[in-house]
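First to last, the protein sequences are chains A and B.
The numbering used here runs 972 ahead of the 1-based position in the first sequence.
The numbering used here runs 699 ahead of the 1-based position in the second sequence.
No residue lacks a Cβ here, since even glycine has one placed at the ideal position from N, Cα and C.
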Amino acid sequence: MSLALQLVEALSVFLVIFYLYCRSPAFRPLKPDWPQPRGKVRLYLVFSGIAVLGNYLGVPVVEGQAIVNARAVGSILAGLLGGPVLGLLVGATAGVHRVTALSGSAALSGAVATTLEGLMAGVVHLALKRRPERLMTPRVALVTTFVGEVAHMGVVLLLTHPFDQALAVVKAIGPPMIVANPIGAALFMAVLLERQREMDRVAAASSTRALKVAERTLRLLARGIGRESAGELAAIVMAETGVGAVAVTDTERVLGFAGTGSDHHLPGNPISSPYTRQAIAENSVVFADGVRQTYDCTVSPACVLNSVVIAPLQVDGAVVGTVQLFEPRDRRFLNMNRSLGEGLAALLSSQLLIARYQEQKSLLVMSELKLAQAQVNPHFLFNALNTIIAILRRDADRARELLIHLSTFFRKNLKRSSDVSTLEEELAHVGAYLEIEKARFEGRLTVETDVDPALLRIRMPSFTLQPLVENAFKHGLSAVLADGRAIIRAYRADGAALVEIEDNAGTWAEPAENAGLGMQLVDKRVKNLYGESYGLSVTCVPHEMTRVTVRLPAEGAAP
Amino acid sequence: MRALIVDDELHAREELASLLEETGAFAVAGKCGNAVEAIQALRKERPDVLFLDIQMPAISGFELLSMVDDADLPAVVFVTAHDEFAIRAFEASALDYLLKPVAKERLARTVERLQRGPASGGRPGLPRTPIRRIPCLAGRSIKLVDVAEVDLVRSSEAGVYVVLAKGELYTDLTLKVLEERAGLVRCHKQFLVNLDNVDEIDLEEGQAVVRTRSGKEVPVSRRFLPKLRDHFHI
């Protein structure tokens, strides 16, 4: 009986070691899909260790010829979790160790028995593989080990010579091993299961957290990421994740910051941390755990933030900013980990993508509508026809020319708004329009064109220039009593191509509500095609001139 | 009938003039490219009918109508490229509404209407759009002066002058029109004053005087004094 107790004692030591392993960062939860090759190697090492330890912690009996041991626990668990091959290997490893490192007449039979037990457990694994919830139970471990240990004794009787000694060995080791080891194996399984459940709970809790963030940010990010939404976003992420501080940046500046250090991490500050720059440049998650690498605030030396996860936000594969989770020195690692940052960034990125998609969709609808209007601008059409009819009276050739300009204009109007045109095509469109307007406002209107011929091939969204020229007429030239003058220029300046439309009315005013829709649309479509650094700008000197400038990439290669 | 044509497009004016003469019913009394020229021509030429474009620079056709005394207005026919203004045009009691390009047959119906209807006037006194900017001549150019900037308006034999804090400008609008539609108050047969810019009223015996913030003095005749006092609750 004392032997059984001693064995239980040894098993307890095991359990403690195993428990510690389960709590260590080395522990990886068993995935629903059974272990992959790398996981199998780890299982092999862990359970071989346990089985070999079983040899050492065993109690020698029958004058050292045999050892009451817990080796089987290792091989059986390996078999149950990893299948017959793993069970066989762990059993064989422990067996070889038993034979080579420790002596005794029952050594060989014990080694063979342990190997067979591992194999047997592997067969159980195969049988129950499709039902992991039934395989991974203390009961299966108990029964399998019980049967295995009974078989163990049979193998000892068969393989140990002389038979007397075999009988003596079985008498000595049989009862304790058959009683204690199944219980030990069951306890191992229970520890494993408990740890597994705990990990599931943590995973469930972080999914819930992520879902909550998702729920609260979806509406916010529908408008894209800007100053106001970034601050709110940072606050939500901080509230839901419980980290010390959260920052949201674009690729150049801090947009929003919440939490510890918000006194010096101010929205609008340029990005200064090398970690952030690295995350943006490499489009990858950067992690400073506060131990091996620390986050050193470049703004204030008094900053207590010490560890950080920086995850890039991306739309269509391009980095548009980052979300950063910080913990202060005294709380590093508490709530934060790499996967939380990664998950969060993926979530926010997909929301941004949705927002971008929605915006582009509505932009497309809007420009289609606008275009439909422009295609049949009744005022322009009927005034043009009236002018041509008047000119027909005196100058049929000129009237014919004007009709050709009119048909050119309307033909170009029928282009889809999603198309891209060259500057040359745009100028032809605008040119036809201008010829007619010049005839309408005969004597009151002069138009100059000054275009760098090298830029004729640059590309822009179709219908970029026409609305701007039309605006210059509608709100500018035709609103003043003096004679009108318009200049269209295209030239290169600081690495970009600039196309300008200038009139001498100077009547431009900050558009109210829908008034500037046409120009906003042009601006957004240019930005959609080429990015935020391009688009429209307006200069106005009241009563003197209004100049609208379209900034485009000099190469003009549409992506 | 003598017709005045107002349109900011040269060819549109020429075409309409040709069409009108072809009907044999009209003699073209003048062609104006903007509202200010039109106000002068209306007074000088006294036409029987006004062919008026609606969309014109600075002052639209509707605004033009509100700047002319009803008594000086002939029959009005709007000529425009689009029909979105039709309802407003009839509210302004236009006699007809023509769409550009104008067909001869359609113009013939206008002629009938003109010959049947009253040659001029006879319109109900509908409330007109208030005048917010007063067209003035500054040298050869036309300046639109905000009513708020006006201190007073004076009339003399040389014409009507709008007096600002600095300088004064000639206008073709009459005192009557400005009093009725620009919110200026009559204080003398020959003066209107902008109450918003009044600094003090001197009620010394004999002749009362209004002083504006910029220091200009306007005489108040006995006839208009009670009304002026009402305005200031004194």
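- Cβ neighbours of V748/B within its own chain (closer than 7 Å, five residues either side excluded): M700, A702, P773, A774, V776, L813.
- The beta carbon of R1249/A sits closer than 6 Å to none of the beta carbons in its chain outside the five residues before and after it.
- Closest in C-alpha terms to L883/B, from the list R831/B, E916/B, I758/B, comes R831/B.
- Proximity of the region 1167 to 1181 of chain A to the region 1120 to 1130 of chain A falls short of the contact definition, fewer than three beta-carbon pairs being nearer than 8 Å.
- Of all residues in the region 795 to 816 of chain B, those with a C-beta nearer than 9 Å to a C-beta of chain A are L798, K799, P800, V801, reading in chain order.
- Contact between D752/B and D706/B holds: their C-beta atoms lie close to 4 Å from each other, under 8 Å.
- Within the region 747 to 763 of chain B, those residues whose Cβ lies closer than 9 Å to any Cβ of chain A are, in chain order, Q754, M755, P756, A757, I758.
- The C-beta distance from V1423/A to A1462/A rounds to 4 Å, short enough to meet the 8 Å contact threshold.
- Following the DSSP letters along the chain, one finds F1298/A inside the beta strand (DSSP E) bounded by residues 1290 to 1300.
- Beta-bridge partners assigned by DSSP to C886/B: none are found.
- Burial state of V1122/A is exposed, judged by a 10 Å Cβ sphere holding fewer than 16 other Cβ atoms.
- Using a Cβ-Cβ cut-off of 9 Å, L1375/A does not count as an interface residue toward chain B, since no Cβ of chain B sits closer than that to its own.
- G1478/A is outside the set of residues whose beta carbon lies under 9 Å from a beta carbon in chain B.
- Looking at the DSSP output, I1460/A bridges to T1421/A, I1473/A.
- Taking a C-beta distance under 9 Å as the contact criterion, L843/B and K915/B do not qualify as a contact pair.
- Around the beta carbon of P1273/A, a 10 Å sphere encloses fewer than 16 other beta carbons of the protein chains shown; the residue is thus reported as exposed.
- Taking 9 Å as the cut-off, the beta carbon of E879/B is found no closer than this to the beta carbon of T1359/A.
- The region 1512 to 1529 of chain A makes no contact with the region 718 to 725 of chain B: fewer than 3 CB pairs, one atom from each, lie closer than 8 Å.
- Looking from the CA of A1477/A, the closest CA among D1495/A, K1012/A, D1455/A belongs to D1455/A.
- The beta carbon of L1453/A sits closer than 9 Å to some beta carbon of chain B.
- The region 1286 to 1304 of chain A and the region 1205 to 1223 of chain A touch, with no fewer than 3 CB-CB distances between them shorter than 8 Å.
- Neighbours of N1443/A across chain B, judged by C-beta separation under 9 Å, do not exist; the nearest C-beta is about 15 Å away.
- Taking 8 Å as the upper bound for CB-CB distance, I738/B and M766/B are in contact here, some 6 Å apart.
- At a cut-off of 9 Å between beta carbons, V735/B contacts chain A.
- In the structure shown, C1269/A falls within a coil segment according to DSSP collapsed to helix, strand and coil.
- Burial is judged here by how many other beta carbons sit within 10 angstroms of a residue's own beta carbon; I1376/A has fewer than 16 and is exposed.
- Sequence-distant partners of L1437/A (beyond 5 residues in either direction) whose C-beta falls short of 6 Å from its own C-beta, in its chain, are E1398, V1402.
- Rounded to the nearest whole angstrom, the C-alpha separation of F1352/A and R1519/A is 23 Å.
- C994/A sits in a helix when the DSSP states are folded into three classes.
- V1226/A and R1199/A have their C-alpha atoms some 9 Å from each other.
- At a cut-off of 9 Å between beta carbons, H1351/A contacts chain B.
- For V1163/A, the closest C-alpha among the options R995/A, V1498/A, F1435/A is that of R995/A.
- Annotated as distal: E714/B and I1408/A, with beta-carbon spacing of 9 Å or more.
- A distance below 9 Å separates the beta carbons of V1045/A and F1160/A.
- Residue environment for D929/B: exposed (fewer than 16 other C-beta atoms within 10 angstroms of its C-beta).
- Residue state for P1433/A is assigned as strand, using DSSP reduced to three classes.
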